[in-house]
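Participant:
Residue numbers (UniProt numbering): 1 to 446.
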C-alpha cells in the first residue's frame, strides 16, 4: 500500500502532549490536525499512536483489511466493561457477539421502546420545578439509564430501576481519567482510595446483574424478547456463563447510557445558547409530532448530528495492528496502534466551513461521507446501538423542549464552554452544564 499524503508529525515534548490530551481532548486534537498531516501522540499502554486527521487519511484507513486490526490492549475501558466485552473482542468471537447484538438493536425492534423513552424523559421532567437549576448531564443520565435498564431487562419495578441508576452513576463517577491512562494507579493501598470506591461500585452492580441473570434462568424467558433474553440465548452450544453475560450487560448499561447522556447535555446547551436554533426547533416541534415521528424531523436530526460533530462522545477510534501495514507514509509493525481522531476530522475547515460554530443547517445542505463524519465508528466495529441512540436522543430532546422551557442561567451566558475530558467510555464535559427551569407547559403529563 502506498500513500501520497504528507508524512506524519511527531510530538517533541511527550509529557506536554499527554497532559494536553487529558486536559481538553477536543482542543488538543484540533490543534494537532491544523498541519493537515497525520500525527502521532503518546498514550500510556499503547506507545506512540498514529492518528488520521483528514478525509484522505480516513479513506486510506478504511482500505486496510479488517484482519489487520484488533482492539488495543491493555484497554482503558477494560476495568469497566470486562475483558470479554464486545468492545474488546476480535476475530470470530467478536463476529459472533456482534451477530447476537444486532438483531436485539435492529431499528424494527427498537421502535417498540418509543413509549418508555418518552416516559423516562417525562419522569425526569416531573422532578423539575420553575426556578430550579439542573445539571443537564446528570438529568440526561437519569433519562438514558432508565431507558437502557428497561430496554435490557424489561424491569417495571421503579425502585429496582432506581437502584441501577444510582449504582451505575456512582461507578462511572468514580472511574476517573487517571485510571484510564495509568494502570499502575489501579490499586487500593490499605483498602482505601478512589480505586477501592470504583471497585466496590462495580461489585455492587455485578450483584444486581447476577440477580437478574439468576431470576431469568430460573423463570425462563416467559416469552420475553428483551435484550437480556437475546444475550442469554446460545444457539451454537451450551448456555453462556454468567460472567460472560454480566460483561455484555455491563457494556450495554455503561456505553448505552453515558454516550447518549453526554450528547443530550451538549445538545440542550447549544439549543439554549442560540435563540435562532432554539426557535427553529420549536417551530418544527409545534406540529405535535408523535414519538415515532420525532427521529424523522429534519431540523431536530440536524441539531443532534451537529452536536455529535462538535462533541463526539468517543474522541478516538483506535486499532492495534496484527501484521505490517503502510499507513500515511509510514511503515507500521504488528503491535503498533493507529486510529482516527474524530474531533480533528470533524473540524476540517475544507469540509466544515467555520468548524467551531454550532450550525445544524450544514447537515440540511449535504450528507457527509463516512470519511468526513463518523461519530459512531467504522465498519464492523461501528456502534451496534447507533440506531437506538439516534431514536432516544430525538425522543428525549423533543420531549424536553415541548414540555418545559429552559434557559442558561444569567451568570453562565456567554461563558466559555466546558473542556472535553476522557472518563469511562466517553469524553464528557469538565464541569456541569447547568440550565434553569423557567416554566413547565400545561399538559406536560408530568
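All C-beta atoms in this analysis are idealised placements derived from N, C-alpha and C, irrespective of residue type, glycine included.
Flag this pair as yes or no: are the beta carbons of residue 438 and residue 130 separated by less than 8 Å?
Facilitator: As a first step, residue 438 is located in the chain shown; it is residue number 438 there, counting from the start. As a first step, residue 130 is located in the chain shown; it is residue number 130 there, counting from the start. Going by C-beta atoms, residue 438 is nearer than 8 Å to residue 130.
Participant: Quick check: the stretch 245-252 against the stretch 209-219, are at least 3 beta-carbon pairs closer than 8 Å?
Facilitator: Result yes; three or more Cβ-Cβ pairs closer than 8 Å.
Participant: Could you tell me whether the Cβ atoms of residue 318 and residue 72 are closer together than 8 Å?
Facilitator: As a working note, residue 318 is residue 318 in the chain shown. As a working note, residue 72 is residue 72 in the chain shown. Yes; because the gap between Cβ atoms is below 8 Å, this pair is in contact.
Participant: Grab the span of the alpha helix (DSSP H) containing residue 96 for me, first residue to last.
Facilitator: Taking the first residue of the chain shown as 1, we reach residue 96 at position 96. Taken as a continuous stretch (DSSP letters only), the alpha helix (DSSP H) holding residue 96 covers 91-104.
Participant: Leaving out five residues before and five after residue 152 in sequence, what residues of the same chain have Cβ atoms less than 6 Å from its Cβ?
Facilitator: Reading the chain shown from its first residue, position 152 is the one you call residue 152. The residues are 227, 228, 252.
Participant: Report buried or exposed for residue 283, applying the criterion of at least 16 other Cβ atoms within 10 angstroms of its Cβ.
Facilitator: Taking the chain shown and counting its residues from 1, the one referred to as residue 283 is at position 283. With fewer than 16 other Cβ atoms within 10 Å, it is exposed.
Participant: Using 8 Å for Cβ pairs, my map puts residue 425 next to residue 167. What's the rounded Cβ distance?
Facilitator: Taking the chain shown and counting its residues from 1, the one referred to as residue 425 is at position 425. Taking the chain shown and counting its residues from 1, the one referred to as residue 167 is at position 167. About 16 Å separates the two Cβ atoms, so there is no contact after all.
Participant: Rounded C-beta distance between residue 343 and residue 315? I'm assuming under 8 Å.
Facilitator: Indexing the chain shown from 1 puts residue 343 at position 343. Indexing the chain shown from 1 puts residue 315 at position 315. Yes, residue 343 and residue 315 are in contact; Cβ-Cβ is about 6 Å, under 8 Å.
Participant: So, residue 38 versus residue 57, is the Cβ gap smaller than 8 Å?
Facilitator: Residue mapping note: residue 38 aligns to position 38 of the chain shown, counting from 1. Residue mapping note: residue 57 aligns to position 57 of the chain shown, counting from 1. Yes, they are a contact pair.
Participant: Spatial neighbours of residue 335 within its chain, please: CB distance less than 8 Å, with the 5 preceding and 5 following residues excluded, ordered by chain position.
Facilitator: Working through the chain shown from its first residue, we reach residue 335 at position 335. So the list reads 320, 321, once near-sequence residues are dropped.
Participant: Can you tell me whether residue 399 is buried or exposed, with buried defined as 16 or more other CB within 10 angstroms of its CB?
Facilitator: For the purposes of this step, residue 399 is identified with residue 399 of the chain shown, where counting begins at 1. Residue 399 is buried by the Cβ-count criterion.
Participant: Using the three-state DSSP reduction, which class does residue 329 fall into: helix, strand or coil?
Facilitator: If you number the chain shown from 1, residue 329 lands on position 329. It is coil, neither helix nor strand.
Participant: Ignoring anything shorter than 4 residues or poking outside the stretch 32-82, list the alpha helix (DSSP H) runs there in chain order.
Facilitator: List check, alpha helix (DSSP H) in window: 55-63, 78-81.
Participant: Give every residue of the same chain whose Cβ lies closer than 6 Å to the Cβ of residue 120, excluding the five residues on either side of it in the sequence, and list them in chain order.
Facilitator: Here residue 120 is taken as the residue at index 120 of the chain shown, counted from 1. For residue 120, where only same-chain residues beyond five positions count, the Cβ hits under 6 Å are 143, 146, 147.
Participant: Counting along the chain, where does the beta strand (DSSP E) carrying residue 440 start and finish?
Facilitator: For the purposes of this step, residue 440 is taken as residue 440 along the chain shown, with counting starting at 1. Segment 434-440, the beta strand (DSSP E) holding residue 440.
Participant: Does the contact criterion of 3 or more C-beta pairs under 8 Å hold for the stretch 352-360 versus the stretch 102-113?
Facilitator: They do not touch, by the three-pair rule.
Participant: With burial defined as no fewer than 16 other Cβ atoms inside 10 Å of the residue's Cβ, what is the status of residue 392: buried or exposed?
Facilitator: One-based indexing of the chain shown puts residue 392 at position 392. It is buried - the Cβ of residue 392 has at least 16 other Cβ atoms within 10 Å.
Participant: What distance in whole Å lies between the Cβ atoms of residue 432 and residue 137, which are believed to be in contact at a cut-off of 8 Å?
Facilitator: In the chain shown, residue 137 corresponds to position 137, counting from 1. In the chain shown, residue 432 corresponds to position 432, counting from 1. That belief holds up - the Cβ atoms of residue 137 and residue 432 are roughly 7 Å apart, short of 8 Å.
Participant: Quick one, which of 394, 300, 88 has its alpha-carbon nearest residue 364's?
Facilitator: Translated into the one-based positions of the chain shown, residue 364 becomes position 364. Taking only the C-alpha atoms, the option nearest residue 364 is 300.
Participant: Determine the direct distance from the alpha carbon of residue 292 to that of residue 114, and round the result to whole angstroms.
Facilitator: Stepping through the chain shown from its first residue, residue 114 is reached at position 114. Stepping through the chain shown from its first residue, residue 292 is reached at position 292. Spanning the two alpha carbons is a distance of roughly 7 Å.
Participant: Between which two residues does the alpha helix (DSSP H) harbouring residue 178 extend?
Facilitator: Against the chain shown, residue 178 aligns to sequence position 178. Its alpha helix (DSSP H) spans residues 177-181.
Participant: DSSP three-state call for residue 116: helix, strand or coil?
Facilitator: Translated into the one-based positions of the chain shown, residue 116 becomes position 116. Helix, per DSSP.
Participant: In chain order, which alpha helix (DSSP H) runs of at least 4 residues are fully inside the stretch 184-212?
Facilitator: The stretch 184-212 contains no whole alpha helix (DSSP H) run of 4 or more residues.
Participant: Where do the N-terminal and C-terminal ends of the beta strand (DSSP E) with residue 353 fall, by residue?
Facilitator: Within the chain shown, residue 353 is the residue found at index 353, counting from 1. Where residue 353 is concerned, there is no enclosing beta strand (DSSP E), given that its DSSP letter is neither H nor E.
Participant: Measuring straight from C-alpha to C-alpha, what distance separates residue 53 and residue 140?
Facilitator: Indexing the chain shown from 1 puts residue 53 at position 53. Indexing the chain shown from 1 puts residue 140 at position 140. Residue 53 and residue 140: Cα-Cα distance of roughly 31 Å.
Participant: Check for me: the alpha helix (DSSP H) holding residue 402 runs from which residue to which?
Facilitator: Locating residue 402 in the chain shown gives position 402, counting from the first residue. It spans 386-403 - the alpha helix (DSSP H) in which residue 402 sits, taken as one unbroken run.
Participant: How far does the beta strand (DSSP E) with residue 338 in it extend, from its first residue to its last?
Facilitator: The residue labelled residue 338 in the question sits at position 338 within the chain shown. Its beta strand (DSSP E) spans residues 337-341.
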